[in-house]
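Structure, as structure tokens:
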Amino acid sequence: MSLKAKRKVVSSIPPMDGGTYMAVCVAVIDLGQQYKQFEKQKQGKYAEECMFIFEIPDERVEVDGEDKPRWLSSRRFTVSLHERAALFQMLTAWRGKALTDAELDPAGEGFDLMQMAGVPAMLSVTVTEKDDGGRYNRIEAVTGFPKGIPAPQPESEILVFDADDPDMEVLGKLPEWVQDIIRKSTQFADNAPEEKVEIPPEETEGECPI
Numbered sequence: 025m026s027l028k029a030k031r032k033v034v035s036s037i038p039p040m041d042g043g044t045y046m047a048v049c050v051a052v053i054d055l056g057q058q059y060k061q062f063e064k065q066k067q068g069k070y071a072e073e074c075m076f077i078f079e080i081p082d083e084r085v086e087v088d089g090e091d092k093p094r095w096l097s098s099r100r101f102t103v104s105l106h107e108r109a110a111l112f113q114m115l116t117a118w119r120g121k122a123l124t125d126a127e128l129d130p131a132g133e134g135f136d137l138m139q140m141a142g143v144p145a146m147l148s149v150t151v152t153e154k155d156d157g158g159r160y161n162r163i164e165a166v167t168g169f170p171k172g173i174p175a176p177q178p179e180s181e182i183l184v185f186d187a188d189d190p191d192m193e194v195l196g197k198l199p200e201w202v203q204d205i206i207r208k209s210t211q212f213a214d215n216a217p218e219e220k221v222e223i224p225p226e227e228t229e230g231e232c233p234i
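Residue numbering for the sequence shown follows this note's numbering, starting at 25 and increasing by one per position.
If you want it as structure tokens, here you go:
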């Protein structure tokens with residue numbers, strides 16, 4: 025048998041211009057317990073993280089010869105509803121209203137992030153340059169959709185992934201770099217999937233072609 029290693033072909037999709045775009049959330053992803061270590065910390069800690077993927081129907085890309093809407097991913101959020109937490113601030117701006125006392129009660133059931141799947145949003149997008157000179161889009165802000173304007177309808181399948189109760193079919197539909205993050209979680213380290221997962225082409229964080 026011949027064993028040959030080859031470099032993977034990485035999709036190179038030019039970034040959109042910076043600006044405001046109409047979008048809809050097509051994926052809410054529980055990344056599981058991830059190890060985090062900040063500067064000046066001698067030892068890191070594990071924290072629950074999540075991510076959102078948005079579809080921008082008016083921006084098109086060609087993937088494997090097919091015309092499809094562009095996907096953009098949010099940053100990775102620590103799952104916290106503390107008033108200074110980035111996730112709390114993003115959800116408040118996106119929903120256009122404060123969370124209820126019951127949702128914020130530490131002893132209560134909390135806010136179900138999965139209900140944001142399929143919800144429209146306005147994205148403030150910038151163009152960022154990487155260390156290697158490449159350029160990519162980054163979502164700077166997510167806000168609610170204005171009243172009186174028809175909300176975009178998703179073309180893609182709506183995906184929700186729970187690291188504590190993983191659906192392997194859903195996992196296989198996520199971009200490969202997102203799957204790689206999930207596999208580093210404590211949930212997958214303790215309970216690695218036995219079945220083979222079909223891996224889509226390698227993608228760059230921030231750009232999420234289907």
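For glycine and all other residues, C-beta sits at the position ideal for the given N, C-alpha and C.
Using only the alpha-carbon positions, how far apart do D91 and I80 sit? 13 Å
Helix, strand or coil for G196? Go by DSSP, reduced to three states. helix
Under 8 Å between the Cβ atoms of F185 and D54? yes
In whole angstroms, give me the CA-to-CA distance for E229 and D155. Annotation note: pLDDT 45 at E229 (below 50); position unreliable, coordinate value reported separately. Their backbone Cα atoms lie some 14 Å apart in a straight line.
Go ahead and label P233 buried or exposed: buried means 16 or more other beta carbons lie within 10 angstroms of its beta carbon, across all protein chains shown. Since pLDDT at P233 reaches only 44, below the 50 mark, its modelled position is unreliable, and the value read off the structure follows with that caveat. Buried: at least 16 other Cβ atoms inside 10 Å.
Assuming the contact rule is C-beta atoms closer than 8 Å, V236 and I163 should be a hit. Round their C-beta distance to whole Å, please. Nothing in the structure corresponds to residue 236, since the chain is present only between 25 and 234.
If we require 4 or more residues per run, which alpha helix (DSSP H) segments fall completely within the segment 130-199? 192-197
Exposed or buried, what is E73 when buried is set at 16 or more other beta-carbons lying within 10 Å of its beta-carbon? buried
With R94 as the anchor, note down where its beta strand (DSSP E) starts and where it stops. 90-97
Which word fits I173, buried or exposed, when buried means at least 16 other C-beta atoms lie within 10 angstroms of its C-beta? exposed
Just checking: is the beta-carbon of P38 within a distance shorter than 8 Å of some beta-carbon in chain B? Any reference to chain B falls outside this structure, which holds one protein chain only.
In the structure shown, what three-state DSSP assignment does L111 receive? helix
Inter-residue spacing [alpha-carbon to alpha-carbon] between V52 and K171: 24 Å
Please classify T210: does DSSP put it in a helix, a strand, or coil? helix
CB-CB under 8 Å to E86, same chain, minus the five flanking residues each way: which ones, in chain order? K92
Indicate whether the contact test is met: 3 or more Cβ pairs, each with one atom in the segment 179-199 and one in the segment 42-52, closer than 8 Å. yes
What residues match up with T44 in a beta bridge as DSSP calls it? S148
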